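**Student:** Quick one: structure below, then a few questions.
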Amino acid sequence: MSKRVVTMDCWGERLSILERDIPQIVRAFCIDFDVDLPKLWRLPGEAKPVSMSQLSWLLDVAFWPDAGKLFRVSPRAVLAQPTRYQFHAGKIATAALHYPVDVFQYAGRYVIVDGLHRLARHRMLGHSTVPCKIHSIRALSSIKAVE
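Following this line, the structure appears as structure tokens:
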């Protein structure tokens, strides 16, 4: 793998990582471009209940940064140690559950595009289903942010 550097905006902080240091699960299942959230939210479709058991694998993936380094903290780690990860614990505690989680299906799994803090809050509250707006994988090209 190359020594290409990937740079991302994370809640107002610009962070970089070598491509080879991105966890394999993230490389395999996550989109590799910035999402234009207003375009995503305008995609047609209704929220449908999805079983937490089909989404819970996402809670184990270290999507979030910690101490200035990308891909260090999973939602499940935040739920287990909220005082250690106060930033994300606060976002989970205030996540607006009246908005659905945006997902698409890829390789037999639901993959999150927007709403990871909402998903974690649903888990924290013990919900067995999560309202999700399920998008076609073909729709991904229409939500890419312009650089």
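Taking my numbering, the leading residue of the sequence shown gets 3, the next gets one more, and so forth.
Note that CB positions come from ideal geometry on N, CA and C, so glycine has one too.
Given the structure is predicted, the values throughout are model-derived calculations rather than measurements.
Please state if the CB of residue 63 and the CB of residue 145 are separated by a distance shorter than 8 Å.
**Tutor:** As a working mapping, residue 145 is identified with position 143 in the sequence shown. As a working mapping, residue 63 is identified with position 61 in the sequence shown. Against a cut-off of 8 Å, the Cβ pair of residue 63 and residue 145 comes out as no contact.
**Student:** Taking C-beta to C-beta, are residue 119 and residue 97 nearer than 8 Å?
**Tutor:** One-based indexing of the sequence shown puts residue 119 at position 117. One-based indexing of the sequence shown puts residue 97 at position 95. Closer than 8 Å, so yes.
**Student:** If residue 60 and residue 121 are in contact, beta carbons under 8 Å, what's the gap, nearest whole angstrom?
**Tutor:** Taking the first residue of the sequence shown as 1, we reach residue 60 at position 58. Taking the first residue of the sequence shown as 1, we reach residue 121 at position 119. Going by Cβ atoms, the distance from residue 60 to residue 121 rounds to 6 Å, so yes, they are a contact pair.
**Student:** Measuring straight from C-alpha to C-alpha, what distance separates residue 92 and residue 44?
**Tutor:** As a working mapping, residue 92 is identified with position 90 in the sequence shown. As a working mapping, residue 44 is identified with position 42 in the sequence shown. Taking the straight line joining both Cα atoms gives about 27 Å.
**Student:** Rounded to a whole number of angstroms, what is the C-alpha to C-alpha distance between residue 1 and residue 105?
**Tutor:** A question about residue 1 goes unanswered here, because the residues of the chain that appear run from 3 up to 149.
**Student:** Can you give me the C-alpha to C-alpha distance between residue 80 and residue 40, rounded to a whole angstrom?
**Tutor:** Numbered from its first residue, the sequence shown carries residue 80 at position 78. Numbered from its first residue, the sequence shown carries residue 40 at position 38. The straight-line gap from Cα to Cα measures roughly 27 Å.
**Student:** Just how far apart, CA to CA, sit residue 49 and residue 138?
**Tutor:** Taking the sequence shown and counting its residues from 1, the one referred to as residue 49 is at position 47. Taking the sequence shown and counting its residues from 1, the one referred to as residue 138 is at position 136. Approximately 13 Å, taken between the alpha carbons.
**Student:** Just tell me which of 46, 57, 47 and 5 has its CA closest to the CA of residue 123.
**Tutor:** As a working note, residue 123 is residue 121 in the sequence shown. It is 57.
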